[in-house]
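Below is one structure, written out as structure tokens, with a few remarks after it.
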Amino acid sequence: MHSILNFLGTTNDEENSREKVSPIRYITNPPDSGWLWVKIENPNGVQRAINIKNKGQKLVICENTKVQIRDIKDGRTYFKILDHISKNVVASLSNENAKNHFSKSGPKLSPNGAELEIRYNSEPEKVWSEARSESLLQVKGKLTFNTIAIDITVSTLPNNYTILPNGSHNILLPDFPHDANMTRFYRMENRNLKYDQVWFSIAISDRNNINDRYIHVGAVSHGCMTIYDLKGWNQLYKYLINNRQSDNRQYVGKLRIRNLY
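According to numbering that gives the first Met the number 0, the residues represented by the sequence shown are 0 to 260, in order.
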């Protein structure tokens, strides 16, 4: 048995001052889904209605979630989740999994976080989807990030959803694993595709930050920013998940939208 209370760190500037502190770590190396299952030890901390009532149930957390190690005993590492929608939940992993999924390095912090720009042409055109074996009427756009440009659709017609308004919108942390049945089959078209169940919600600036629209991989958009350039998704995911806004860590970045016509 090894207790985390044996971890020592300097907590002030006084000479020879050493106090017991709990190390901060960040989730790394998630499965291909982008989500890591952990065992709940304190269900009272769960902040949203996810039907978790009992110790021993499981929940998922995304890559780069910040945690604080609380104890190591009986083959398990216990930690408190410090951000994300499961903030304040105490959970655990086996010691072996903790070695594989804890990192001292966290996301990059900057005033804007990740910076994305979308420009789109409101004139729709037919685009073939190999994964769906059909042509879809798309309002196409280009998403630019970190000097990379990838093809997206901002709306698949016909639908009753409006396109997101021009302007700047914050991008939130991923909320929960989205239905694999909606995206998993795209892996048949691109065998290297990962993280398809990770969707980044958009806080729409002129709708009181309502966040029912997402950045996600796929070929069909109901008003979301949908990445149909499947080869570009993994890079975009890594760019988003590895960034945070320094003043508000619930945001991974900024999205700027402009209609060209």
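Glycine included, every Cβ here is placed at the ideal spot set by N, Cα and C.
Alpha carbon to alpha carbon, how far is residue j from residue i? Give it in angstroms, no decimals.
i: residue 145; j: residue 114; result: 8 Å
i: residue 26; j: residue 122; result: 42 Å
i: residue 243; j: residue 158; result: 33 Å
i: residue 182; j: residue 134; result: 17 Å
i: residue 73; j: residue 94; result: 9 Å
i: residue 132; j: residue 78; result: 46 Å
i: residue 86; j: residue 204; result: 24 Å
i: residue 120; j: residue 102; result: 42 Å
i: residue 155; j: residue 88; result: 39 Å
i: residue 167; j: residue 212; result: 14 Å
i: residue 231; j: residue 24; result: 29 Å
Does the Cβ of residue i have 16 or more other Cβ atoms within 10 Å, making it buried, or fewer, making it exposed?
i: residue 215; result: buried
i: residue 187; result: exposed
i: residue 177; result: buried
i: residue 190; result: exposed
i: residue 104; result: exposed
Verify whether the separation of the beta carbon atoms of residue i and residue j is less than 8 Å.
i: residue 254; j: residue 201; result: yes
i: residue 226; j: residue 163; result: no
i: residue 194; j: residue 236; result: yes
i: residue 192; j: residue 229; result: yes
i: residue 33; j: residue 196; result: yes
i: residue 245; j: residue 109; result: yes
i: residue 90; j: residue 37; result: yes
i: residue 22; j: residue 68; result: yes
i: residue 100; j: residue 172; result: no
i: residue 224; j: residue 117; result: yes
Grab me the residues of residue i's own chain with a C-beta within less than 6 Å of its C-beta, minus the 5 sequence neighbours each way, in chain order.
i: residue 239; result: 113, 199, 251
i: residue 47; result: The predicted position of residue 47 is uncertain, since its pLDDT is 46 and thus under 50; no value can be drawn from it.
i: residue 97; result: 76
i: residue 219; result: 155
By Cβ distance below 8 Å, which residues in the same chain neighbour residue i in space, the five residues on each side in sequence not counted?
i: residue 49; result: The predicted model places residue 49 with a pLDDT of 45, which falls under 50 and marks its position as unreliable, so this point remains unresolved.
i: residue 125; result: 134, 135, 136, 137
Please return the same chain residues whose Cβ sits closer than 7 Å to the Cβ of residue i, not counting the five positions on each side in sequence.
i: residue 62; result: 26, 27, 29, 33, 240
If we count Cβ pairs, one from each stretch, closer than 8 Å, do we get three or more for the segment 123 to 142 versus the segment 104 to 113?
-> no
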